[in-house]
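One structure below.
4 protein chains.
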Amino acid sequence: MSEEILRKLALQVRNWGRWGPDDEIGTLNFITPEAIASACALGIPLQREGPQSGTRQRFNPIHTMFRDGGDAPKTPAEVTALQGYGGSDDWIVMPLQCVTQWDSLAHVFYEGQMYNGYDAALVTSSGTAKNSIDKTKSRIVGRGVLLDVARWKGVRALEPGYAITVGDLDATAAAQRVDVRRGDLLLIRTGHMSRYLDRKDWRHFDLDDSPGVSVHTAPWMHAREIAAVASDNYAVEVRPSELPPFRSPFHICSIPNMGLTLGEIFYLEELAEDCAADGRYAFLLVAPPLPVTRGVGTPINPYAIK
Amino acid sequence: MSEEILRKLALQVRNWGRWGPDDEIGTLNFITPEAIASACALGIPLQREGPQSGTRQRFNPIHTMFRDGGDAPKTPAEVTALQGYGGSDDWIVMPLQCVTQWDSLAHVFYEGQMYNGYDAALVTSSGTAKNSIDKTKSRIVGRGVLLDVARWKGVRALEPGYAITVGDLDATAAAQRVDVRRGDLLLIRTGHMSRYLDRKDWRHFDLDDSPGVSVHTAPWMHAREIAAVASDNYAVEVRPSELPPFRSPFHICSIPNMGLTLGEIFYLEELAEDCAADGRYAFLLVAPPLPVTRGVGTPINPYAIK
Amino acid sequence: MSEEILRKLALQVRNWGRWGPDDEIGTLNFITPEAIASACALGIPLQREGPQSGTRQRFNPIHTMFRDGGDAPKTPAEVTALQGYGGSDDWIVMPLQCVTQWDSLAHVFYEGQMYNGYDAALVTSSGTAKNSIDKTKSRIVGRGVLLDVARWKGVRALEPGYAITVGDLDATAAAQRVDVRRGDLLLIRTGHMSRYLDRKDWRHFDLDDSPGVSVHTAPWMHAREIAAVASDNYAVEVRPSELPPFRSPFHICSIPNMGLTLGEIFYLEELAEDCAADGRYAFLLVAPPLPVTRGVGTPINPYAIK
Amino acid sequence: MSEEILRKLALQVRNWGRWGPDDEIGTLNFITPEAIASACALGIPLQREGPQSGTRQRFNPIHTMFRDGGDAPKTPAEVTALQGYGGSDDWIVMPLQCVTQWDSLAHVFYEGQMYNGYDAALVTSSGTAKNSIDKTKSRIVGRGVLLDVARWKGVRALEPGYAITVGDLDATAAAQRVDVRRGDLLLIRTGHMSRYLDRKDWRHFDLDDSPGVSVHTAPWMHAREIAAVASDNYAVEVRPSELPPFRSPFHICSIPNMGLTLGEIFYLEELAEDCAADGRYAFLLVAPPLPVTRGVGTPINPYAIK
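Chains as they are written, first to last, in our numbering: chain A, 7 to 312; chain B, 7 to 312; chain C, 7 to 312; chain D, 7 to 312.
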């Protein structure tokens, strides 16, 4: 009886084939650009083949199933016993900074302290008592600006080790006819990720030298009062470091001192094409963090919406 | 030498105390409503105290540290050896549907098939070959509409077991003066989550009876061509089931048959207050999935932006 | 060609049905009591239904597959492409003290110190620098002695809250005609686990009151110079505590002060039957830890061998 | 009051310094060779630096803390509130076959079937319904025999790609004056692991060519009715395969057909030294599996006891 009612309803609403035999998104097809905004997604895939080598603790996401097609009920009696036709369920193990991500302000210490002077000892094995990522839960949406430095330089990708200067940033903004304003979420494209996408192999992305911003851009960002900065490389800043033995001097200036949120491993290829095509390098950037209580980072899939 | 240059830069850009001694978000304070849109965040916290009892496999997120303040270098020699002042890094183990989330179209089977007729056997321990959540990577942004059924009924929360009817949906929309359009991302508030928030205890949220939509609303949603539907309960639909022994008949109609993306455990309290205050129940909803390759669900933190 | 050679070899060595149609251990059947020692296994199952409620962080083991039968090659072409007929592979997420286990000497602190006076700060998010479980890698084998206090008392299980005294230990040893010697691995049966096994439900095992040793047995163990002590309850010692507000005073005496290794959640039912049957309460106990570098506990499956 | 009683007891039983200022095993020192058997431990460390490259899904163990020294109570008020002086607790994520391990009889399929003819489809994302490792829970103890083929050949390690023949096994046994009997747990030393231990770098252990048994030793093992075979390489058998395109032909003969339990990545260096020193190549081998319900493998730390 229930079965018949259910089958009748199911067939009544069935949309199989409505968007072709290969469709995999169903009613999301109803969202059309006419009706609403279109978006460029800036998050890389979460999968075993990814940018982490495991060398410095971080590994690529490990995704696995609780239940799959092999566990589905196969007879009417099983369907009844299991209260349905079955389904699938999955889970994941991942570093919070293994893919496209925001660093929280608890991620880097300077002389034993975090941003705003909090003691580094407040970060224990149970997480951080201050500057955790969930504090930014509803805050990471705003005017986004892309500075495509590689394109302005006329190259597919800046050379590994190239330190982007204040002059580069100003010149790129001028060439792209976009201004950087207070409160902006600034995206800087070095082209570095293109190398790995071109070769279809992420290996060594976290270890190789890389173009990135110079530590000397920190005062420029401070003066412009930007809200956050993100890039298409592993660590925003240039590698190798300009100030050895410090591995990440820009991180030290920006996170614990300036309180500047950094975004890393941003996929900017499609957005860069789109901006070049229409000449508009500003947009609405929506990049919600997962509100991990006491967390120090978060995976994200930001949307750039025009 | 490097140390002095770094310290000079660090102090030059330091913002400690700029937003008060208790600030934890730094330069994100530069994002002000005047400059950009404000957002209501719809994601619940990711933490050990959460809605999962573990009874049906899903557990609450387990968050842990690779490195914390106890691992930070303590002497200048350690700072040099470790190439910096140290920092923290964390990781997480979690079911992809343990918090605020989207179900993919591979999540529920009907008679051995998924949406669009794909064989359930395509979901194996390595994930799903069809209808995976990453197919929706850039697609979940659009016009959002909130139907606050509990408020329209004049109650804090609908009773557990109450099945929301087509009449309820139409009447709520009329009372709130909002229309439901093709391509909408529809949010339905039952008030059920308020119970657990009020008692500050998530326990049994996944097990208790719950208000939710009737299976008979499926044709209404089909006719209106909505893109997705989400709610503030565990499973969108009413519990106990209207069609026993099937535990989740609405899921069966919507996911494998209609190809309708479902959102669950949405935190709608602040958004409901905001909509009641300004009388505007439509907004831009941005709810990017994490693009998990072969994944069947994703945790999210959607933003409702006005 | 390879395929034919392989099939010929495979069929030549095939043992299907040799030990009946229901056999699942194959050539391990060749190990017979005549040839070698028989063993009682003291480890409980690693599965989702287990003794951990999740209340104090620990959860039951989460076991999952990388590859399963659904991923196996199905055609000759797939067999060739995947270099074989396929197989299965699995992994686990588990607290190191969630099942039958040894505590390391880094598990409990006393006034900021571990066993032998090491600073508790040596245990950071990357594990412990001192007293880690891998230091005991080859050491946990020796004369085992079972004191079945419940049986001596003539009960199926001691009452929750019952504190086993020095007198109980001495009287049980005398009744069982076994002496406790220097270097022994001492097993104490309270019968508490029987309750949960009888009801086939582990729930609340970690939360309920429990019989267990009195804190005042610590000097007795110290004087006898035993090597380790283990029991069939959650924490060896009685609950509730005899010295509130301290939750685990025997732990404090034994682990950081005495340096006594504790074993918990030991399955002693079969061993107790065996000892009662033959009147021999001493045996070879082999309980190898997993040598987790910097670890503070380990799951085990000890063997008692006569 | 409780505090004073506890302190008095604690100091009474304190063993700090008893075995020197560097001791980390406490009362396990009471287990002396005079009192009991000594053991060689055959398990490798569980740590991030290990034999898994991640290339074929398996990764090295990821060990992490719930609680550490940074979380310990620091004031008397905190000690009271937390009901003790605190401690540490840890957990692990690991493939069940990532370190020294047993394969279960569900690990490899042949033409869609497992050992004893069970259907490979019985292994789903929730584990295996047949031939799971917990079926061997109390069975893996018996007469162990080491055949140190590398030593017999007079080399530190056999060359990668060298296939150990039946002749090699017989000659080694004869030279070592040990016979292989029905029910034996046979350990074969290739010396391959020595290479990685010598260079203190596990990398590529799972990928490199390796010495190992020839597929043509399977009938020899079958005839001798051994119970299990283990080796100090990654997969017992030689790599590259003698029967391409099949990657692991010996696995196919032994696991699904013969029902022979295989042990891999055994640390045999100390045991080989010990056997060479006393000329005794037979011993008691105790290698308890973790009884993972529905599991297809298990990490182990076997003890060879003389």
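Positions of the beta carbon are idealized from the N, C-alpha and C atoms, including for glycine.
At which residues does the beta strand (DSSP E) containing residue i begin and terminate?
i                     : result
residue 237 (chain B) : 234-237
residue 47 (chain B)  : 45-47
residue 3 (chain B)   : The displayed coordinates of chain B run from 7 to 312. Any statement about residue 3 (chain B) would go beyond what the structure contains.
residue 6 (chain B)   : Any property of residue 6 (chain B) remains undetermined from this structure, which presents chain B solely from 7 to 312.
residue 86 (chain B)  : Premise fails: residue 86 (chain B) lies in the alpha helix (DSSP H), 82-87, not in any beta strand (DSSP E).
residue 147 (chain D) : 147-154
residue 210 (chain A) : Taken as a continuous stretch (DSSP letters only), residue 210 (chain A) belongs to no beta strand (DSSP E), as it is neither H nor E.
residue 107 (chain A) : 107-109
Between residue i and chain C, is the shortest Cβ-Cβ distance under 9 angstroms, so that the two count as touching?
i                     : result
residue 66 (chain B)  : yes
residue 304 (chain B) : no
residue 107 (chain B) : no
residue 13 (chain B)  : no
Within the 9 angstroms Cβ cut-off, does residue i reach chain D?
i                     : result
residue 25 (chain B)  : no
residue 143 (chain C) : yes
residue 70 (chain C)  : yes
residue 74 (chain B)  : yes
Which two residues bound the contiguous alpha helix (DSSP H) that contains residue i?
i                     : result
residue 257 (chain D) : 255-258
residue 279 (chain B) : 275-284
residue 228 (chain D) : 224-230
residue 174 (chain A) : 172-182
residue 293 (chain D) : Element bounds for residue 293 (chain D): n/a, residue is neither H nor E.
residue 9 (chain A)   : 8-19
residue 198 (chain D) : 198-204
So, at 7 angstroms on beta carbons, what are the nonlocal neighbours of residue i in its own chain, with the 5 sequence-adjacent residues on each side left out?
i                     : result
residue 228 (chain B) : 264
residue 47 (chain A)  : 307, 309
residue 25 (chain D)  : 35
residue 256 (chain C) : 219, 221, 224, 242, 243
residue 177 (chain B) : 158
residue 140 (chain B) : 297, 298, 299, 301
Starting from the Cα of residue i, find the closest Cα among the options and give me that residue.
i                     : options                    : result
residue 281 (chain A) : A:194, A:17, A:19          : A:194
residue 35 (chain B)  : A:233, A:311, A:292        : A:233
residue 207 (chain C) : C:51, C:20, C:267, C:99    : C:51
residue 119 (chain A) : B:251, B:245, B:76         : B:76
residue 226 (chain D) : D:78, D:241, D:172, D:201  : D:172
residue 126 (chain B) : B:74, B:302, B:217         : B:302
residue 201 (chain C) : C:166, C:231, C:235, C:251 : C:166
residue 230 (chain D) : D:188, D:106, D:161, D:286 : D:188
residue 104 (chain C) : C:304, C:312, C:311        : C:304
residue 55 (chain C)  : B:101, B:89, B:65          : B:65
residue 286 (chain A) : A:93, A:185, A:63          : A:185
Assuming the contact rule is C-beta atoms closer than 8 angstroms, residue i and residue j should be a hit. Round their C-beta distance to whole Å, please.
i                     : j                     : result
residue 238 (chain C) : residue 198 (chain C) : 6 angstroms
residue 57 (chain C)  : residue 271 (chain C) : 6 angstroms
residue 295 (chain D) : residue 170 (chain D) : No, residue 295 (chain D) and residue 170 (chain D) are not in contact; Cβ-Cβ is about 25 angstroms, not under 8 angstroms.
residue 129 (chain D) : residue 112 (chain D) : 6 angstroms
residue 291 (chain A) : residue 235 (chain A) : The Cβ separation is near 12 angstroms, so there is no contact.
Looking at chain B, is there any beta carbon in it that lies within less than 9 angstroms of the beta carbon of residue i?
i                     : result
residue 114 (chain D) : no
residue 34 (chain A)  : yes
residue 130 (chain D) : yes
residue 100 (chain D) : no
residue 194 (chain A) : no
residue 300 (chain C) : no
Report yes or no: is there a C-beta of chain A within less than 9 angstroms of the C-beta of residue i?
i                     : result
residue 120 (chain C) : no
Taking 6 angstroms as the limit between beta carbons, can you name the residues of its chain near residue i, skipping five residues before and five after?
i                    : result
residue 98 (chain B) : 67, 69
residue 59 (chain C) : 212, 213
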